[in-house]
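To start, the structure itself, in structure tokens.
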Amino acid sequence: MEPVVQVCTATVPDLPELADVARRTFPLACPPSATPENIAAFIDENLSQERFGDYLADPDRAVLVAREEARIVGYVMLIHGVPDDDDDVQRAVTLRPAVELSKMYVLPDCHGAGVSAALMNAALKHAETRHAKCVWLGVNQENQRAQRFYAKHGFTVSGAKSFRLGAGTENDYVMVRPV
Ligand SMILES: CC(C)(COP(=O)(O)OP(=O)(O)OC[C@H]1O[C@@H](n2cnc3c(N)ncnc32)[C@H](O)[C@@H]1OP(=O)(O)O)[C@@H](O)C(=O)NCCC(=O)NCCS
């Protein structure tokens, strides 16, 4: 029998485990050309316990965790709105108000099971309760597994944007799904 997956809002006691899951899963989304230094710099800047503490305290963000038998096996972060300073995203995301699916990460031993679908369903429900007209995201152009996963959940490519990875720049697709 498949273990039961539970999704709920992350809380302060989750921070150490959440940051650990984030640190372990972020490299999986990076293309082989990304340098370990740039990946490590991104993790230090964005995925520390302290940064996740900031995310939890930010009223414009929501961090949801998926648990199997008490263990955190994945998480998703949502951010309300579209960044003012990114013209590519402004152009690609025309339905407003919009919610960004900013991070979507699942431990490798849980890929292909129910965890990612449970997180996506919870993320879409969150966007709906916030009266969003669409959910948008950026995904590395080489990350075909994630693109396929998003396509299965109704997202389509509507543009492209760059992504700062440490001192490097990566190429993302922008994908959008009406809510
Ligand atoms: C992205 C992620 C959350 C998706 O969850 P998942 O459980 O792997 O998703 P699923 O297995 O339901 O769907 C993946 C699909 O891609 C397919 N796939 C797997 N490897 C693939 C590849 N190399 N190329 C194309 N498709 C691939 C799978 O077969 C599956 O499609 P199917 O259901 O039609 O067979 C998960 O893979 C993950 O955490 N990856 C690492 C972090 C990451 O990349 N996050 C996204 C950042 S934008």
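Using my numbering, the first residue of the sequence shown is number 13, and each one after it goes up by one. Glycine is no exception: its CB is placed at the ideal position from the N, C-alpha and C atoms.
Could you check the C-alpha separation between residue 25 and residue 31 for me, to the nearest Å? 11 Å
Are the CB atoms of residue 190 and residue 145 nearer to each other than 9 Å? yes
Measure the CB-CB distance between residue 90 and residue 68 and report whether it falls below 9 Å. no
For residue 74, which residues from the same chain have a beta carbon less than 6 Å from its beta carbon, with the 5 sequence-adjacent residues on both sides left out? 90, 138
Output the residue ranges of the beta strand (DSSP E) runs that lie fully inside the segment 52–94 and measure 3 residues or longer, sorted by chain position. 73–80, 83–92
Would you list the residues sitting across from residue 183 in a DSSP beta bridge? 174
Could you pull the start and end residues of the beta strand (DSSP E) that residue 18 belongs to? 17–21
State the DSSP-derived secondary structure class of residue 33, mapped to helix, strand or coil. helix
Is the CB-CB distance between residue 18 and residue 80 below 9 Å? yes
Between the segment 101–112 and the segment 34–51, can you find at least three pairs of beta-carbon atoms closer than 8 Å? no
Leaving aside the five residues before and after residue 178 along the sequence, list all residues of the same chain whose C-beta is less than 6 Å from its C-beta, in chain order. 50, 53, 54
heavy atom of ligand 1 below 8 Å from residue 158 C-beta: yes
Any heavy atom of ligand 1 closer than 8 Å to the CB of residue 124? yes
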